[in-house]
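S.K.: Just so you know, the sequences run in chain order S and D. FYI, the numbering for the first sequence is 66 to 316, going by our numbering. FYI, the numbering for the second sequence is 28 to 307, going by our numbering. Where is the CB? At the ideal position from N, CA and C, for every residue including glycine. Below you'll find the structure I mean.
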Amino acid sequence: MNELVKISNLAKKYNQQDVLKNISFSIKEGELFSILGPNGAGKSTLISLILGLEKPDNGEILFEGKQLTSQSVEHKSMISVVFQNSILDPDLSVKENLFIRAYFYTNNWKEAKQLAQDKLADVQAGHLLNKRYGVLSGGEKRKIDIARALLNTPKLLFLDEPTTGLDIGSRADMWHLIHQLKEKYHMTVVLTTHYMEEARDSDNILMLNAGKVMAYDAPETLKKNYQCLTLEDVFLTIMEKGRENYECISL
Amino acid sequence: MNALVYRGLLLFFKNKQAVIGSFVGALIMIILYVFLLGDSLVDSLSVLSHPKLVVDTWMLAGVIGIASASSTLGSVSLMIRDKERNVYTDFMISPISKGRIMLGYFFSTFLISLLITLVVIVIAEIYIVVFSKGEILTLSQFGLLFIVSLLTVFCSSAFMFFIASFFRRIDTFSTMTSVIGPLIGFLTGCYVPIGSLPDNVQKVVEYFPLTSGIVLIRRILTDNVFTSADKPAVATIKEELGIVMNSQNDIALPIMILLISSCLFLVGALWNVKRVEVKR
Numbered sequence: 066m067n068e069l070v071k072i073s074n075l076a077k078k079y080n081q082q083d084v085l086k087n088i089s090f091s092i093k094e095g096e097l098f099s100i101l102g103p104n105g106a107g108k109s110t111l112i113s114l115i116l117g118l119e120k121p122d123n124g125e126i127l128f129e130g131k132q133l134t135s136q137s138v139e140h141k142s143m144i145s146v147v148f149q150n151s152i153l154d155p156d157l158s159v160k161e162n163l164f165i166r167a168y169f170y171t172n173n174w175k176e177a178k179q180l181a182q183d184k185l186a187d188v189q190a191g192h193l194l195n196k197r198y199g200v201l202s203g204g205e206k207r208k209i210d211i212a213r214a215l216l217n218t219p220k221l222l223f224l225d226e227p228t229t230g231l232d233i234g235s236r237a238d239m240w241h242l243i244h245q246l247k248e249k250y251h252m253t254v255v256l257t258t259h260y261m262e263e264a265r266d267s268d269n270i271l272m273l274n275a276g277k278v279m280a281y282d283a284p285e286t287l288k289k290n291y292q293c294l295t296l297e298d299v300f301l302t303i304m305e306k307g308r309e310n311y312e313c314i315s316l
Numbered sequence: 028m029n030a031l032v033y034r035g036l037l038l039f040f041k042n043k044q045a046v047i048g049s050f051v052g053a054l055i056m057i058i059l060y061v062f063l064l065g066d067s068l069v070d071s072l073s074v075l076s077h078p079k080l081v082v083d084t085w086m087l088a089g090v091i092g093i094a095s096a097s098s099t100l101g102s103v104s105l106m107i108r109d110k111e112r113n114v115y116t117d118f119m120i121s122p123i124s125k126g127r128i129m130l131g132y133f134f135s136t137f138l139i140s141l142l143i144t145l146v147v148i149v150i151a152e153i154y155i156v157v158f159s160k161g162e163i164l165t166l167s168q169f170g171l172l173f174i175v176s177l178l179t180v181f182c183s184s185a186f187m188f189f190i191a192s193f194f195r196r197i198d199t200f201s202t203m204t205s206v207i208g209p210l211i212g213f214l215t216g217c218y219v220p221i222g223s224l225p226d227n228v229q230k231v232v233e234y235f236p237l238t239s240g241i242v243l244i245r246r247i248l249t250d251n252v253f254t255s256a257d258k259p260a261v262a263t264i265k266e267e268l269g270i271v272m273n274s275q276n277d278i279a280l281p282i283m284i285l286l287i288s289s290c291l292f293l294v295g296a297l298w299n300v301k302r303v304e305v306k307r
């Protein structure tokens with residue numbers, strides 16, 4: 066698999082405090098990549114840097130081998146995000162919400178309408194078109210959020226805690242849908258989550274703590290290296306005992 | 028940008044509280060004059076043939092001016108709300124430039140305020156003709172009133188946009204709007220006639236950009252109502268009520284003030300938004 070994103074020696078400080086300390090890793094095309102870490106580990110900053118919302122103090126981010134400026138159309142058409150908290154307007158209908166966003170990519174209302182309907186069909190939510198977004202259930206809202214994120218058919222889709230607040234059934238449906246869409250659009254999906262079991266299907270996992278990469282490997286390799294049976298145990302071992310100590314902490 | 032303007036309009040007009048809220052400033056002024064200040068002001072203008080008509084038109088001109096300012100507060104808060112709930116980030120990663128995002132917020136605020144101000148103008152004119160028995164404005168006066176209102180709304184939108192660019196939290200902005208709404212009424216000499224304010228305050232009022240727009244609106248609306256042989260008295264009253272400023276009757280200066288200050292506020296707001304983001 067080719068490298069879609071290559072990050073080298075990325076560093077970021079806020080108020081003289083290191084938030085990211087020279088981290089390096091790469092995300093390969095078509096993989097499901099998970100970024101894990103406790104609160105304050107630097108996950109949000111890392112994502113903001115990849116999205117081009119902030120500039121790094123040091124290091125570089127290459128997309129398909131190229132350094133893209135955050136304002137370039139190429140960069141913006143490559144990336145999309147499903148935010149943890151919904152960013153759509155609860156007072157507007159699903160149709161209005163998606164038409165408005167679709168217009169950003171088409172600059173034409175007719176094409177925007179078609180694009181929005183196509184993406185809504187992709188998430189099997191065509192029946193919600195005329196409903197007010199604010200009255201939808203948690204699972205339905207997530208589907209519409211995903212439809213919004215698909216409007217530019219991104220190569221790289223970020224899922225920020227995508228199943229937080231969803232019941233078990235909706236969570237399973239959501240993952241089924243995400244895998245389906247990943248295959249359909251050959252997308253690379255980057256996931257941040259606190260649910261370790263959701264990261265187990267990842268091709269690679271990056272574990273961050275205090276701005277440093279604590280572990281970066283495939284889930285099975287991590288379990289083997291840290292002599293743990295589950296990813297939760299790997300995570301706890303890394304976070305609580307440090308990477309030098311390979312003794313597994315079992316839940 | 029069209030999509031953002033459309034979104035701003037949809038969100039504002041679907042929110043009944045925001046629509047009603049944008050009339051509150053104007054409503055305060057009407058209540059102030061109907062129940063408190065109106066009669067005493069009419070009494071003090073007894074030298075005129077139709078003092079009640081003068082006070083009514085003067086008050087309604089202020090209502091139009093206040094509406095043009097207070098109607099921007101509800102819609103301009105959308106930008107701050109969006110920053111709070113990641114919506115702004117969503118726009119930032121969409122293929123639309125930062126400048127266009129900002130102008131989208133600005134023009135939706137401008138259009139909302141313009142629509143509300145036009146509604147208030149129609150209501151004010153009906154009131155003047157039906158209840159105050161005044162003359163209907165001529166077509167050219169209506170045309171001039173429209174242009175002046177357009178400029179005043181533009182300046183109000185730019186001013187509020189500039190103020191909003193300093194805020195990142197909606198609750199602090201809401202607290203500020205509860206102060207700035209009534210303050211604008213005083214700063215433009217709408218709640219209390221300019222002449223009755225202390226000299227220092229009068230200076231502030233004169234140099235406050237929105238006052239120029241409101242002075243012009245007053246001048247157009249009161250054009251047909253001053254009937255008195257006592258010319259010096261009329262001139263003094265016009266100065267006291269803020270219909271004429273600094274004894275100048277030309278419209279070029281207030282229009283220049285409106286245009287220049289609008290541009291300065293708008294550029295200041297765009298620069299400020301960029302500065303805050305870089306700092307972040």
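Hey, out of Tyr281(S), Leu180(S), Ser109(S), whose CA is closest to Phe90(S)'s CA?
M.R.: Tyr281(S)
S.K.: Using three-state DSSP, classify Tyr218(D) as helix, strand or coil.
M.R.: Reduced to three states, the DSSP call for Tyr218(D) is coil.
S.K.: Rounded C-beta distance between Ile93(D) and Met56(D)? I'm assuming under 8 Å.
M.R.: 6 Å
S.K.: Consider the Cβ of Gly107(S): report whether some Cβ of chain D lies at a distance smaller than 8 Å.
M.R.: no
S.K.: Return the CA-CA distance between Asp277(D) and Leu31(D), expressed in angstroms with no decimal places.
M.R.: 38 Å
S.K.: Compute the Euclidean distance between the alpha carbons of Lys79(D) and Ser159(D), then round it to the nearest angstrom.
M.R.: 8 Å
S.K.: Pop quiz: Ser49(D) and Ser97(D) are said to be a contact at Cβ under 8 Å. What is the actual Cβ separation, rounded to whole angstroms?
M.R.: 6 Å
S.K.: Can you tell me which of the three DSSP states Gln245(S) falls into?
M.R.: helix
S.K.: Within the present structure, is the beta-carbon of Thr215(D) separated from the nearest heavy atom of the ligand GTP by less than 7 Å?
M.R.: Absent from the structure shown: the ligand GTP. Ligands present: none.
S.K.: Please classify Leu215(S): does DSSP put it in a helix, a strand, or coil?
M.R.: helix
S.K.: Work out the CA separation of Ile107(D) and Thr249(D) for me, nearest whole Å.
M.R.: So the alpha carbons of these two residues sit roughly 39 Å apart.
S.K.: Any C-beta of chain D sitting closer than 8 Å to the C-beta of Ile100(S)?
M.R.: no
S.K.: Can you name, in chain order, every residue of its own chain whose Cβ lies under 7 Å from the Cβ of Arg207(S), other than the five neighbours on each side?
M.R.: Pro227, Leu231, Met239
S.K.: State yes or no: is the C-beta of Glu267(D) within less than 8 Å of the C-beta of Pro220(D)?
M.R.: Yes, they are a contact pair.
S.K.: Is any beta-carbon of chain D found at less than 8 Å from that of Val147(S)?
M.R.: no
S.K.: What does DSSP give as the partner residues of Leu127(S) in its beta bridges?
M.R.: Lys71(S)
S.K.: Suppose contacts are defined by Cβ-Cβ distances below 8 Å. Is Leu296(S) in contact with Met261(S) by that definition?
M.R.: yes
S.K.: Can you give the beta carbon distance from Leu97(S) to Leu256(S), rounded, assuming they're within the 8 Å contact cut?
M.R.: 7 Å
S.K.: Comparing C-alpha positions only, which one of Gly126(D), Leu38(D), His77(D) sits nearest to Asn299(D)?
M.R.: Gly126(D)
S.K.: Return the first residue and the last residue of the beta strand (DSSP E) that Ser151(S) is part of.
M.R.: No beta strand (DSSP E) contains Ser151(S), which DSSP labels as neither H nor E.
S.K.: Would you please state the rounded distance, in angstroms, between the beta carbons of Gly124(S) and Asn74(S)? I believe it to be under 8 Å.
M.R.: Contact holds; Cβ gap of about 4 Å.
S.K.: Could you list which residues in chain D have their beta carbon closer than 9 Å to that of Val278(S), in chain order?
M.R.: Those within 9 Å of Val278(S) in chain D number zero; the least Cβ separation is about 24 Å.
S.K.: Tell me, please, which residues DSSP counts as bridged to Tyr79(S).
M.R.: Gln82(S)
S.K.: Using 8 Å as the threshold, is the C-beta distance between Lys43(D) and Asp156(S) below it?
M.R.: no
S.K.: I want to see whether chain D comes within less than 8 Å of Gln154(S), judged by CB atoms only; does it?
M.R.: As written in the sequence, residue 154(S) is Asp, which differs from the Gln given in the question. Yes - at least one Cβ of chain D is within 8 Å of the one on Asp154(S).
S.K.: Any beta carbon of chain S sitting closer than 8 Å to that of Pro78(D)?
M.R.: no
S.K.: Buried or exposed: which applies to Cys24(D), given that a residue is buried once 16 or more other Cβ atoms fall within 10 Å of its Cβ?
M.R.: Lying outside 28 to 307, the shown extent of chain D, residue 24(D) is not represented and no answer is given.
S.K.: Going by beta-carbon coordinates alone, are Asp210(S) and Val147(S) separated by less than 8 Å?
M.R.: yes
S.K.: Per DSSP, what are the beta-bridge partners of Lys175(S) in this structure?
M.R.: None, per the DSSP bridge assignment.
S.K.: I need the boundaries of the alpha helix (DSSP H) containing Met261(S), first residue and last residue.
M.R.: 261-264
S.K.: With H, G and I counted as helix, E and B as strand and the rest as coil, what does DSSP make of Lys289(S)?
M.R.: Reduced to three states, the DSSP call for Lys289(S) is helix.
S.K.: Return the CA-CA distance between Arg34(D) and Leu75(D), expressed in angstroms with no decimal places.
M.R.: 49 Å
S.K.: Since Arg195(D) meets chain S, which of its residues come closer than 7 Å, beta carbon to beta carbon?
M.R.: Correct list: empty, because the minimum Cβ distance to chain S is about 15 Å.
S.K.: Between Asp250(D) and chain S, is any beta-carbon pair separated by less than 8 Å?
M.R.: no
S.K.: With distances taken between CB atoms, is the gap from Leu271(S) to Met143(S) smaller than 8 Å?
M.R.: no
S.K.: Would you check if there are 3 or more beta carbon pairs closer than 8 Å linking the region 283-301 of chain D to the region 178-192 of chain D?
M.R.: yes
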